[in-house]
Amino acid sequence: MTVRKKAAKLRFGLCCIFRKEPIRFRQVTARTLRQLSRTAQLARLSGICLHNVLSLRQALEFAADHGIGAFRILSPLFPRFTHPEVGYRLEELPDRDIIAALCAEVRSFRTNHDLRLSFHPDQFNVLASPRPEVVKNTIGELCYQGMLAELLGAEVINLHVGGAYGNKEEALVRLAANLEGLPGEVLKRLTLENDDHSFTPADLLPVCEKLSIPMVYDVHHHRCLPDGLSIEEATGRTAALWRKLGRESYFHISSPKNGWLDGSPKPHADYIDPEDFPSGWLGLNATIDVEAKAKELAVIGLRQDLGLA
DNA sequence: GCATGTCAAGTTGTG
DNA sequence: CACAACTTGACATGC
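My numbering puts the first residue of the first sequence at 1208, with every later residue one more than the last.
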């Protein structure tokens, strides 16, 4: 009997939309919806949700055909779902049955092609906020994404901590307390990501390790906001935590639009400079979301540049 | 058609 | 103190 070390397998993820491929997601604003009767609102929303689930299916087919192993689903897949005035439930949409059937198709496609799906709630979602209203709205949005994740077979809902309010430790205590209010379908998918202005890997890893919440390690944010941990250390602790929880690690990569020396490095470039790809990541079993403006072209380009295509 | 301002939501840092 | 940035474009309006 031969014992072989399991080969490292990196998968690369596309974020939300396409640059060149004609796959588009539709939107509608609350302002527009407000001008319509409730019936007309639901008809409009139903058509858009249907369109977007069809586009999602196309997106996953494209990914499977092009060696892209993960896809981040845009938050407004069902636009304005949790809006206080024009929000709605799936059951209210005229096309609910076909939408649900298409979601089930996406879910089996994801399984059959071993694609990893994630969500990344917007910046207004702040579980650490001292304002109850903000936390309440955040939980509402997370429940919506949890529902979609169940329907579509998504594994990760990746959140930023958001505000520090001058005291990061207290903010993290509030965040931990507010986790209690989350339903299981959200909590089991929740991850925390280091950002580029407040919360570093050194801030988050102890909390994540204690609460058994995996951390998504964004190396670009870490380079913009260093904390004394090396990239290798942050990578190692992130990977160890995911491994302990029996799951595949998750990382983010981007390159600075204007280089590392000219102005702020925070804005994202069209493509990933392979020099920015941590060499230590090449030996991992992990998912790497590529945050680059050229979208699918950047994912495909990076795999080629690394000799993995 | 095409150009332009707007879009629910929070927080931080910059000019 | 106003405003851009953040995962970002797409929509709605007016010419």
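Glycine included, every Cβ here is placed at the ideal spot set by N, Cα and C.
Computed from a predicted model, the values in this text were never measured in an experiment.
Limits of the unbroken alpha helix (DSSP H) element including residue i
i, result
"Tyr-1351", "1339 to 1359"
"His-1428", "1426 to 1431"
"Arg-1238", "1237 to 1241"
"Phe-1269", "1245 to 1272"
"Leu-1379", "1375 to 1385"
"Gln-1511", "1503 to 1512"
"Trp-1449", "1438 to 1451"
Nearest candidate by alpha-carbon position, reference residue i, set the options
i, options, result
"Glu-1482", "Val-1235, Glu-1416 and Ser-1462", "Ser-1462"
"Gly-1466", "His-1475, Leu-1257, Arg-1314 and Leu-1436", "His-1475"
"Lys-1464", "Leu-1379, Ala-1335, Phe-1458 and Asp-1480", "Asp-1480"
"Asn-1401", "Pro-1390, Pro-1433 and Asn-1385", "Pro-1433"
"Val-1363", "Leu-1281, Leu-1252 and Ile-1460", "Leu-1281"
"Phe-1225", "Tyr-1295, Pro-1328 and Lys-1502", "Lys-1502"
"Ala-1598", "Leu-1448, Ile-1275 and Leu-1243", "No information on residue 1598 is available, as it lies outside the stretch 1208 to 1516 that the chain covers here."
"Lys-1473", "Leu-1509, Cys-1431 and Ile-1460", "Cys-1431"
"Glu-1292", "Lys-1451, Asp-1512, Arg-1241 and Lys-1395", "Arg-1241"
"Ser-1262", "Arg-1296, Leu-1309, Thr-1289 and Arg-1245", "Leu-1309"
"Ile-1420", "Arg-1444, Ser-1405 and His-1404", "Arg-1444"
"Lys-1417", "Pro-1390, Val-1380, Arg-1396 and Glu-1440", "Val-1380"
"Ile-1346", "Arg-1314, Gly-1453, Gly-1391 and Leu-1297", "Gly-1391"
"Glu-1298", "Leu-1252, Arg-1317 and Val-1313", "Leu-1252"
"Val-1414", "Asp-1403, Gly-1470 and Leu-1448", "Leu-1448"
"Leu-1221", "Pro-1283, Arg-1323 and Ser-1244", "Arg-1323"
"Pro-1283", "Gln-1248, Arg-1338 and Glu-1348", "Glu-1348"
"Asn-1374", "Pro-1337, Phe-1331 and Ser-1315", "Pro-1337"
Beta-bridge pairing of residue i - partner residues as DSSP gives them
i, result
"Cys-1222", "Arg-1279"
"Phe-1458", "Tyr-1424 and Ile-1495"
"Leu-1397", "Ile-1364"
"Arg-1303", "Looking at the DSSP assignment, Arg-1303 forms no beta bridge with any residue, so it has no partner."
"Leu-1217", "Ala-1493"
"Pro-1463", "His-1475"
Contact under 8 Å by Cβ, residue i with residue j
i, j, result
"Phe-1326", "Ala-1307", "no"
"Leu-1359", "Leu-1334", "no"
"Asp-1496", "Ala-1361", "no"
"Val-1235", "Pro-1286", "yes"
"Ala-1409", "Ala-1446", "no"
"Met-1422", "Thr-1398", "yes"
"Pro-1485", "Val-1393", "no"
"Leu-1509", "Phe-1219", "yes"
"Leu-1250", "Pro-1301", "Checking the sequence, you will find Ala at residue 1250 rather than Leu. Yes, these two residues count as a Cβ contact at 8 Å."
"Val-1572", "Leu-1382", "Absent from the structure is residue 1572, since the part of the chain shown begins at 1208 and ends at 1516."
"Tyr-1351", "Phe-1406", "no"
"Leu-1491", "Ser-1456", "yes"
"Arg-1264", "Val-1313", "yes"
"Gly-1353", "Arg-1396", "yes"
Enclosing beta strand (DSSP E) for residue i [first to last residue]
i, result
"Leu-1324", "1323 to 1326"
I'd like the ranges of any beta strand (DSSP E) spanning at least 3 consecutive residues and lying wholly in the region 1400 to 1427. 1422 to 1425
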